[in-house]
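Working notes for the structure below.
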């Protein structure tokens, strides 16, 4: 499916979704509450079949956080990007690790780096950071570590 | 009598040290040759003194005992390994009429004493209070106990043919040809099984599961350092030497020169080569074979290792014993 | 993390494999639960070589940050650099000279061969055979010498820059690459004789570490790990970049789904890389090796994503730009991170010795996983 067809199809699935212009791939903005439902449909719909989550990350915009999901279909080879705006003070979103198993590790990384709480994640613990880093969010723009941080 | 024993003891210890140095150097040279590199070449002429330098290093290294270890067993285990290796030295005939102890059950003695080796490994693994060591020890226990059967049965093939457990008599029976030539295919099969089984029994690759450095870091001797480690290391090489010496004695005639039936002139010429040279030549050939295995094959997995023994080697050697018995009764050998 | 030492209530033993362990090739830490020799659970603990490269890149300019990326997957350093250069070029919307494109692809493929050679030796060493390591290094050294001559470095080359390559190729380059191809072809049969055909090796690999195609996709496995499960995931074929759409090569797929299939994929992939180099080495176009770019690069506001195929799988660079000289946010999607997440699924129920074989065929590079 090309971008236009995808756009129409996804608008049918989730009328509240908005689309970004001028991006490399079709980019869809979703409310955090709708994300899990849309993701399930994207994965299960036979004409969409987004079975490969190749990138999951988060961006700190100082005022809010944005979760970014890059999806690919191994069957049709079309790509889309899902985005969801999170509140910076208590970021939380439903996990997608039940849909794509790779999200398990990626969400743990985002959890420790940005402090995003993934609701329903089976094993939300520190993955990369050592013990004692719980609660710190080193990838946030506001993070300051007087001892370990080197300013370039 | 006492003086005799002291002299013998000093000789064994001296031989031990010399063999350890030579075999370690040989292993490294063989490895280097197979791996297209040079090997030790800095200490002494052509790197000959490398293993001596290593020994000095190991001697001055601190011998650590881990906190949670059972101190007595931990320190005792390497000595058992050494004692076993030393005891095994006794019945070996190094040259014509050169034997520490010509006992009439030499073969039985060898198979009995070599089984004690597993105790030192189990003891080391248990006493280290380390899970890797324990797993290595358990693997080693399962492995040595199973492969002993095949080793014993393949030794039995030669015992049946000679009708004696005395190593000297077995050598004498090969005066008109070694058993590997006289005994047809069954003895060759027994020889191959013997080599496989003793490689496993001495924990050498591809059967080095007790150490398996990529799985268990260093297996049963993970916690050992310094001289205690060196004793295990030395015992391993001495064991390799001993099993190869036994293999050479049983199948390749020990110190007996290469004789062909009744070709008097040929046999006479062969007799000019000293018997000790024959013995060491054959032994080192077998040692080279075992080293060659180590640097060529990947390691087996524990279940495959036990499958190999119980499903293949043991039935084959049992059947082989039948063949050899039949051959001995009917006199089909030369 | 630390309290998971000892035994579980069911009586299973928990052991730490790593961070210092001969089979983890670096500082990977696996906490495994075993019952006797049978693995019940594998839990990776990462971060022992985490340098927060993503955060570091936020304060580096678009010219500078590429040099850090060589330090991630140091065995595919060229390809990492390549991905970053491509991503910056995508943002700048510049077309690079065709000479630079061809040089880049040749370098990528040489890197891929070198990486697979090292993997081959290291994996055989995991299985207890030391000798292949040295045999692999004999060929790998030749590649490193070629790299050294042109790029001035042997491991972290930093040869790709936005706009092309840093320097023109050395005059000897073509001759030496051809010599290497001759050498490689004369030696590759040794690999099969020494390892592939070995009965012990085959028994250790076949049926070990089963990963179904569905799981491979779901876990985000890419590269030889996915190709061994029959999943087509070669970015060079699916989303071609540079001159990959103009050269003839096959995407290597095996359907065994086990460690042996992953092994065969890498061995066959080396031959495909040789094929690509053979087509390009005599056809390097004349001209500039670098497009003219400004001294200080500024990317327009927006998001740019570039996917490339490294020796380990799909590597992605995601740059979020606010229009400045430094990236606002950068994300590296590393292949090893996703491949490692499948290890638990693969290892359950197999023997401890199999774990080493599986880790070997996943070809883990720890700095690539930790970033």
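Chains as they are written, first to last, in the working numbering: chain A, 1 to 152; chain B, 1001 to 1334; chain C, 2001 to 2371.
Note that the Cβ used here is the ideal one computed from N, Cα and C, for glycine as well.
For residue 2127(C) and residue 1001(B), the gap between their C-alpha atoms comes out near 52 Å. Around residue 2191(C), no beta-carbon contact reaches into chain A at under 7 Å, the shortest distance being about 31 Å.
The way I'd put it, the segment 2214 to 2232 of chain C does touch the segment 2240 to 2256 of chain C; three or more beta-carbon pairs between them come closer than 8 Å. About 18 Å separates the CB atoms of residue 1211(B) and residue 1066(B); that is not less than 8 Å, and the two are not in contact. Spanning the alpha carbons of residue 1309(B) and residue 1146(B) requires a straight line of approximately 7 Å. CA-to-CA, the gap between residue 1172(B) and residue 1259(B) works out to about 12 Å. Inter-residue distance for residue 1243(B) and residue 2036(C) is about 31 Å (C-alpha atoms, whole angstroms). Secondary structure at residue 2054(C): helix, using DSSP grouped into helix, strand and coil.
Here the segment 88 to 107 of chain A lies against the segment 23 to 41 of chain A, with 3 or more beta-carbon pairs under 8 Å apart. Chain C has no Cβ within less than 8 Å of the Cβ of residue 44(A).
Burial check for residue 2242(C): the Cβ neighbour count within 10 Å reaches 16 or more, so the residue is buried. At a cut-off of 8 Å, the C-beta of residue 16(A) has no neighbouring C-beta in chain C.
Distance from the Cα of residue 1286(B) is smallest, within the candidate group 1068(B), 1237(B) and 1057(B), for 1237(B). Residue-level contact check: residue 2220(C) touches chain A, since one or more beta carbons of chain A fall below 8 Å from its beta carbon.
At least one C-beta of chain B is nearer than 8 Å to the C-beta of residue 2129(C). From the beta-carbon of residue 102(A), the residues of chain C found nearer than 7 Å are 2218, 2219, 2220, 2338 and 2341. Residue burial is scored here from C-beta neighbours: residue 2020(C) has fewer than 16 other C-beta atoms within 10 angstroms and is therefore classed as exposed. Residue environment analysis places residue 47(A) among the exposed positions, since fewer than 16 neighbouring C-beta atoms fall within 10 angstroms of its C-beta. Per DSSP, reduced to three states, the secondary structure at residue 2275(C) is helical. With respect to residue 2262(C), residue 2361(C) sits close: the two C-beta atoms are nearer than 8 Å. Counting only the Cα atoms, residue 1030(B) lies some 18 Å from residue 1018(B). Per DSSP, reduced to three states, the secondary structure at residue 2290(C) is strand. Per DSSP, the beta bridge partners of residue 2045(C) are 2029(C). Within the same chain, 1093, 1099, 1102 and 1106 come within 8 Å of residue 1168(B) by CB-CB distance, once the 5 residues on both sides are set aside. Beta-bridge annotation (DSSP): residue 2332(C) is paired with 2317(C). Contact annotation for residue 1214(B) against chain C: 2022, 2023, 2125, 2126, 2127, 2128 and 2356 [CB-CB distance below 8 Å, chain order]. Collapsing the DSSP output to three states places residue 1037(B) in coil. Between residue 1190(B) and residue 1157(B), the CB-CB gap stays under 8 Å. Judged by DSSP secondary structure, residue 85(A) falls within the beta strand (DSSP E) whose first and last residues are 79 to 87. Residue 1013(B) and residue 2158(C) have their alpha carbons spaced roughly 58 Å apart. Those residues of the segment 2299 to 2323 of chain C placed with their C-beta closer than 8 Å to a C-beta in chain A are 2302, 2303, 2304, 2305, 2307, 2314, 2316, 2318 and 2320, ordered along the chain.
Close CB contacts of residue 2115(C) within its chain, under the 6 Å cut and outside five residues either way in sequence, are with 2075, 2076 and 2311 (chain order). The CB of residue 2333(C) comes closer than 7 Å to the CB of 54 and 55 in chain A, given here in chain order.
Nearest in C-alpha terms to residue 121(A), of all of 130(A), 110(A), 128(A) and 129(A), is 110(A). At a C-beta separation below 7 Å, residue 1205(B) has these neighbours in chain C: 2128.
Contact of residue 2228(C) with chain A is not assigned, every C-beta pair being separated by 8 Å or more.
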